[in-house]
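Report on the following structure.
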Amino acid sequence: MNRHEEADTGTETDMLLSRAKAGDGEALGRLLQRYRNYLALLARLRMGRRLQGKLDVEDLLQELSMEAHKDVAQFRGGTEAEFLAWLRQVLAAILSNQVRRYFGTRRRDPRRERRITAELDRSSRALDHKLIAPQSSPSHQVARREQAVILADALGELPEAYREVIILRQLEGLSFPEVARRMERTEDSVKNLWARALARLRQAMEDPR
Numbered sequence: 160m161n162r163h164e165e166a167d168t169g170t171e172t173d174m175l176l177s178r179a180k181a182g183d184g185e186a187l188g189r190l191l192q193r194y195r196n197y198l199a200l201l202a203r204l205r206m207g208r209r210l211q212g213k214l215d216v217e218d219l220l221q222e223l224s225m226e227a228h229k230d231v232a233q234f235r236g237g238t239e240a241e242f243l244a245w246l247r248q249v250l251a252a253i254l255s256n257q258v259r260r261y262f263g264t265r266r267r268d269p270r271r272e273r274r275i276t277a278e279l280d281r282s283s284r285a286l287d288h289k290l291i292a293p294q295s296s297p298s299h300q301v302a303r304r305e306q307a308v309i310l311a312d313a314l315g316e317l318p319e320a321y322r323e324v325i326i327l328r329q330l331e332g333l334s335f336p337e338v339a340r341r342m343e344r345t346e347d348s349v350k351n352l353w354a355r356a357l358a359r360l361r362q363a364m365e366d367p368r
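Take a look at the structure:
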């Protein structure tokens, strides 16, 4: 994507945000679709192993969509970053409710929601720090839209095995032996897969010249 296209995308985002805040459900739906990969990745990272066996990411995204349509009037920001922060709060409330549902706590826990929101915020920032920053100059980082969103979309375009090894190794922080067990591969094959996957991701993240 070149800088002119980035500017166009930013302008379109501003327009959709304005319309969504005014009650345009179609505009909100387009925004949620635009951030689908990003939200799905954050949901997976924060679900944890206990919830991954009980919840489906698609179900969480469907619930998030319903909550966002119901509560969008509460959103007071005007930028993409502010909208993403609001969506992370909505997702945190949903995840907190699921913890309560499956692990026996009766009442809503605002402290748990705040903790999960903080964890989602850290996960979002980690996408830049762990995968993008070493390959991007500061000027590029300023010019681009939210890089965590761009990364999530780039990951979504990778072959499944490439995407899985990057998530497990880079974002979940598993060791190579742990990744090998999760992917049912040898440790050497996982290391080779990881190197190829990172190279493919970095290529996808480069700005065309």
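Per my numbering, the very first residue in the sequence shown carries number 160; after that it's consecutive.
Backbone N, C-alpha and C define an ideal beta-carbon position, used for all residues, glycine too.
Cα-Cα separation between residue i and residue j, rounded to whole angstroms
i      : j      : result
Glu226 : Gly184 : 12 Å
Glu343 : Met364 : 28 Å
Arg361 : Glu331 : 19 Å
Arg355 : Val308 : 22 Å
Ala240 : Asp173 : 11 Å
Ser334 : Asn351 : 14 Å
Arg259 : Ala251 : 12 Å
Pro269 : Ala277 : 12 Å
Gln233 : Lys213 : 30 Å
Gln300 : Glu337 : With a pLDDT of 45 at Gln300, under the threshold of 50, the modelled position of that residue is not reliable, and the figure given next carries that caveat. Rounded to the nearest angstrom, the two C-alpha atoms are 33 Å apart.
Ala292 : Asp347 : Low confidence applies to Ala292: its pLDDT is 47, below 50, so where it sits in the model is not reliable enough to give any reading.
Val216 : Ala202 : 7 Å
Leu187 : Trp245 : 13 Å
Glu323 : Thr345 : 15 Å
Arg284 : Val249 : 18 Å
Arg407 : Leu175 : There is no way to answer for residue 407, as the model of the chain reaches only from 160 to 368.
Val349 : Gln329 : 13 Å
Residue closest to residue i, alpha-carbon to alpha-carbon, out of the options
i      : options                           : result
Arg242 : Leu198, Ala285 and Leu214         : Note on residue identity: the sequence assigns Phe, not Arg, to residue 242. Considering only alpha carbons, the answer is Leu198.
Glu204 : Glu337, Ser282, Ser348 and Ala320 : Residue identity check: residue 204 is Leu in the sequence provided, not Glu. It is Ser282.
Gly315 : Thr170, Leu187 and Arg195         : Arg195
Pro318 : Trp353, Arg271, Arg274 and Val216 : Trp353
Arg193 : Leu214, Ile253, Ala181 and Glu305 : Glu305
Arg271 : Arg284, Asp280 and Leu254         : Leu254
Leu191 : Met206, Leu219 and Thr345         : Leu219
Ser177 : Ile275, Val249, Gly236 and Trp245 : Gly236
Gly182 : Thr238, His228 and Leu246         : His228
Thr170 : Met206, Gln221 and Thr238         : Thr238
Arg247 : Arg189, Arg328 and Leu279         : Leu279
Met206 : Leu327, Trp245, Glu323 and Gln257 : Gln257
For residue j and residue i, believed in contact at Cβ under 8 Å, the rounded distance
i      : j      : result
Leu223 : Ala311 : Between Ala311 and Leu223 the Cβ distance is about 15 Å, and since that is not below 8 Å, they are no contact.
Ile325 : Leu286 : Incorrect: roughly 11 Å between the Cβ atoms, too far for contact.
Arg380 : Tyr321 : There is no way to answer for residue 380, as the model of the chain reaches only from 160 to 368.
Residue i and residue j closer than 8 Å at C-beta
i      : j      : result
Val231 : Ala179 : yes
Arg341 : Leu327 : yes
Mind pulling the alpha helix (DSSP H) runs of 4 or more residues that sit fully within the stretch 315 to 361? 319 to 325 and 335 to 342
Write down every uninterrupted run of the alpha helix (DSSP H) in the stretch 169 to 227 whose length is 4 residues or greater and which is fully enclosed by it, in chain order. 184 to 193 and 195 to 211
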